[in-house]
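S.K.: Take this structure first; my questions come after.
Residue numbers (this note's numbering), protein chains in the order written: chain U, 8 to 166; chain S, 548 to 1036; chain L, 10 to 237.
Written as structure tokens, this is what we have:
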């Protein structure tokens, strides 16, 4: 095979690659649902990393069956940890999707910046403050002098 | 001693049964939660009143550590566990609407998870309780049912999810290197096995992961939105208590497992950055709840700076600052229950609500650190400790801390001046009304603050004893893994 | 541009983590507690599946926490999704295959789900996995005829009592003077269906709770979609 590429390298690259892909997906995505999917991938990578920490060469699953001599078994503790971690992940992901359904219904948008903008506006309105950003008050506190209609200036000066 | 697991198991049992109980008999259902929490308080206070010799280690399931999971109860853990059950009672969501059963069962789960965070002695068990606290918080924040609160929950969920992925990676690295998850066993193995780059990487991953709740610098973007949209009682619980419990977990890891000097330096740098960002943002904030949220980031940055001090007086400063912040921030959030919203609305409110204004002034004075209030003593301990260090990074920390105090004075007393101002503006918005219960709870915190001022000497001595007991790693290892003649694993 | 710098940063981070991970001795874990658990588990707990003895015995309180997390997540999702909508007729009914396939699969899914739950201490599987299959079994008819309603009150009662029985079994050990969640009852012969004391009971409680919870959550998600 390719020199230097061991099974160990392939496995660790897979697990850490999943985590890195997932985390960069969360940070770089614009769509909220893509963030959740990226988080799912990252959690899968982390779980894989956990399971790999218990692997033993030439070992069997840690289940006792009638054998003449008990062979070497893999470490059962990381498997128990991963069981727990997977269920925790499922719970959080289900909750995330329910939240997304609600956000979509109420804000009619699932783009990250739109939702952040609307949330900020809603907090400001509930608190009764005016945000000092240009979308809310483009002129700040300065009023524009109204242009009087039907004067020589508005008709382009003297003809 | 095994019955102490009830402080975690009974709230969980109550949480599972509460929806069904509420449907059959609403009266019993409304009393079930507070009764369970009161019983938990009593169980923990009993330990202290009966002068039980701490620390003790309880093996859950009868399986001795390190094979099984154990609860480690020393004075620090007991203090925070008791504070958790008590705060659960104080910040109980008693308002009645269609979701009452769900909200109360989520609150019971939050208290159970927080107690577990304070007491547990196993790395993965701490992670499970941490996640339980996170999910319960998501539910409770989203229960406010405004779209902004749901959007804020989403951001918190994503950050928390990133944190949990990083924590799992860190735990995987620790386990693959040492083969154990028990904190005492890790403390024994750490000097040889976790002293290298791998240990530092694992520490960094776990720190960022758990730092999400502790409002650590890069992962605290969730704070202003959550505190701005959640109910004030819940925000008081989160800012006051839950952040301290996350801090407690990081403290245990630093003391027991990760002894590298780089570990401490990272915390110092992140603390400094947190202080700067938090206090400056608080200065600019225009509504009460988000101002308190940013201020909380700043205060927790100061606590992180205290965490990075290597000796025992540093631990004393950490304890004093944490407990002080617990009382102050929760009291301020109770006041924000009615006074949340634009700061402009508080102009001249001292006339309509003198007690509230006086309480706010008291909290502000203690936050800034005016003698003889406890805040002064906590900050003074930190200043003397920082000044006694020789490394330049600590001096930068000291400068930033003093700068932060100046900024705090500025924005807190700006509000106090606003409250006591006599000017009547033409378009004054309607003054908010403070609900009676929130005022009573805030007064409770104010009275305990004044009591702490009077009793500052015995409290200081008590905290000193707690600090020296916590610093004693050998005591921890000896309690959990008593030396057997057959030798260790 | 921002994406590119982000990806480069992530790539660098991944490379550093890989360098760190290559320092681990892969395939030869330290097994400090793993070895001890493997040797003492048959006598102390008596489950053929050592992972189950870890999940429900040595680290039982982790499983309790995990159960609570699932409960909290389902509760919170129910809170967020709000009242169930009564608009039944807006969704299209499933076709022939979905209807009859679902009806045929239902008993098989139930059998497999219960089989996996009951044999959790003997073969890979257990309460969580079996519970998910049970939830799928109950959700399949909902996909076929969207107007059908699950009895949420019955589901919540099952969920509450299953979860409570997990903790009550643990508390029973406490009442006997032992520790919380200590395995009780007879261990009997290793490898038979009735063995490992209270462990199968715990897994049955877990399976029923998870099944009821996820079925309720899935139907909540499906029925909210109709709100506009």
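In this text, a Cβ means the ideal position worked out from N, Cα and C, and glycines have one as well.
Values in this document were obtained by computation on a predicted structure and should not be read as measured data.
Going along the region 47 to 68 of chain L in order, which residues come within less than 7 Å of chain U, judged by CB to CB distance?
M.R.: Cβ contacts with chain U: 47, 51, 57, 58, 59, 60, 63, 64, 68.
S.K.: Among S:674, S:550, S:903, S:846, which has the Cα closest to the Cα of residue 994 of chain S?
M.R.: S:903
S.K.: If you measure beta-carbon to beta-carbon, which residues of the region 890 to 917 of chain S are closer than 7 Å to chain A?
M.R.: Structure shown: chain A not included; protein chains present are U, S and L.
S.K.: Quick check: the region 581 to 601 of chain S against the region 998 to 1005 of chain S, are at least 3 beta-carbon pairs closer than 8 Å?
M.R.: The region 998 to 1005 of chain S is not in contact with the region 581 to 601 of chain S.
S.K.: Checking 8 Å against the spacing of the C-beta atoms, do residue 773 of chain S and residue 713 of chain S come in under that value?
M.R.: no
S.K.: I'd like the list of long-range same chain contacts for residue 179 of chain L, defined as Cβ closer than 6 Å, with 5 residues on each side in sequence excluded.
M.R.: 189, 190
S.K.: Pull the bridge partners of residue 618 of chain S from the DSSP assignment, please.
M.R.: S:605, S:667
S.K.: Following the continuous alpha helix (DSSP H) through residue 806 of chain S, name the residue where it begins and the one where it ends.
M.R.: Run containing residue 806 of chain S: none; DSSP gives neither H nor E here.
S.K.: Just curious, the alpha helix (DSSP H) that residue 927 of chain S is in, first and last residue?
M.R.: 921 to 935
S.K.: Is the Cβ-Cβ distance between residue 214 of chain L and residue 174 of chain L less than 8 Å?
M.R.: Contact flag set, yes.
S.K.: Using a Cβ cut-off of 7 Å, pull out every chain S residue sitting near residue 82 of chain L, in sequence order please.
M.R.: One finds 682 in chain S with Cβ atoms closer than 7 Å to the Cβ of residue 82 of chain L, taken in chain order.
S.K.: Answer yes or no: does any C-beta atom of chain U fall closer than 8 Å to that of residue 179 of chain L?
M.R.: no
S.K.: Which ranges does the alpha helix (DSSP H) cover as unbroken runs of at least 4 residues, wholly within the region 993 to 1025 of chain S, from first to last along the chain?
M.R.: 1003 to 1018
S.K.: Counting only C-beta atoms, is residue 744 of chain S closer than 8 Å to chain L at any point?
M.R.: It does: the Cβ of residue 744 of chain S has a partner Cβ on chain L nearer than 8 Å.
S.K.: If we ignore side chains and look at the alpha-carbon of each, how far apart do residue 676 of chain S and residue 584 of chain S end up?
M.R.: 18 Å
S.K.: Within this structure, are the beta carbons of residue 882 of chain S and residue 793 of chain S separated by less than 8 Å?
M.R.: No; because the gap between Cβ atoms is not below 8 Å, this pair is not in contact.
S.K.: Please classify residue 791 of chain S as buried or exposed, where buried requires at least 16 neighbouring CB atoms within 10 angstroms.
M.R.: With 16 or more Cβ atoms within 10 Å of its Cβ, residue 791 of chain S is classed as buried.
S.K.: Tell me which residue opens and which closes the alpha helix (DSSP H) that residue 774 of chain S is part of.
M.R.: 770 to 776
S.K.: Does the Cβ-Cβ distance between residue 177 of chain L and residue 224 of chain L come in under 8 Å?
M.R.: Cβ distance not < 8 Å, so residue 177 of chain L and residue 224 of chain L don't count as in contact.
S.K.: Taking C-alpha atoms, which residue in L:168, L:141, L:59 lies nearest to residue 84 of chain U?
M.R.: L:59
S.K.: When you compare the CB of residue 110 of chain U with every CB in chain S, is at least one pair closer than 8 Å?
M.R.: yes
S.K.: Assign residue 237 of chain L to one of three DSSP states: helix, strand, or coil.
M.R.: Here residue 237 of chain L scores only 45 on pLDDT, less than 50, and its place in the model should not be relied on; the value that follows carries that caveat. Of the three classes helix, strand and coil, the one that applies to residue 237 of chain L here is coil, per DSSP.
S.K.: Is the beta carbon of residue 863 of chain S closer than 8 Å to that of residue 928 of chain S?
M.R.: yes
S.K.: Looking at the structure shown, is residue 567 of chain S part of a helix, part of a strand, or coil, going by DSSP?
M.R.: helix
S.K.: For the pair the region 838 to 855 of chain S and the region 757 to 774 of chain S, tell me if three or more CB-CB distances fall below 8 Å.
M.R.: yes
S.K.: Could you please tell me which residues of the region 702 to 715 of chain S, in chain order, have their CB closer than 7 Å to any CB of chain U?
M.R.: 704, 705, 708, 709, 712, 715
S.K.: Going by beta-carbon coordinates alone, are residue 980 of chain S and residue 922 of chain S separated by less than 8 Å?
M.R.: No. Outside cutoff.
S.K.: With a threshold of 16 other CB atoms inside 10 Å of the CB of residue 237 of chain L, please say whether the residue is buried or exposed.
M.R.: Legend: pLDDT at residue 237 of chain L = 45, less than 50; position of this residue unreliable, value from coordinates given subsequently. The C-beta of residue 237 of chain L has fewer than 16 other C-beta atoms within 10 Å across all chains shown, which makes the residue exposed.
S.K.: How long is the line joining the alpha carbons of residue 734 of chain S and residue 890 of chain S, rounded to whole angstroms?
M.R.: 49 Å
S.K.: For residue 10 of chain L, count neighbouring C-beta atoms within 10 Å of its own C-beta (all shown protein chains included) and say buried if the count is 16 or more, exposed if not.
M.R.: exposed
S.K.: Taking all protein chains shown into account, decide if residue 650 of chain S is buried (16 or more other Cβ within 10 angstroms of its Cβ) or exposed.
M.R.: So residue 650 of chain S ends up on the buried side.
S.K.: Quick one: which chain S residues come within Cβ less than 9 Å of residue 39 of chain L?
M.R.: 722, 723, 724, 725, 726, 727, 736, 740
S.K.: Just checking my contact of residue 151 of chain L with residue 144 of chain L at CB under 8 Å: how many whole Å lie between their CB atoms?
M.R.: So it is not a contact: roughly 11 Å between Cβ atoms.
S.K.: Answer with buried or exposed for residue 37 of chain U, where buried requires no fewer than 16 other C-beta atoms within 10 angstroms of its C-beta.
M.R.: exposed
S.K.: In chain U, which residues lie less than 7 Å from residue 207 of chain L when you measure between Cβ atoms?
M.R.: Correct list: empty, because the minimum Cβ distance to chain U is about 18 Å.
S.K.: Look up residue 165 of chain L in the DSSP assignment and say whether it is helix, strand or coil.
M.R.: helix
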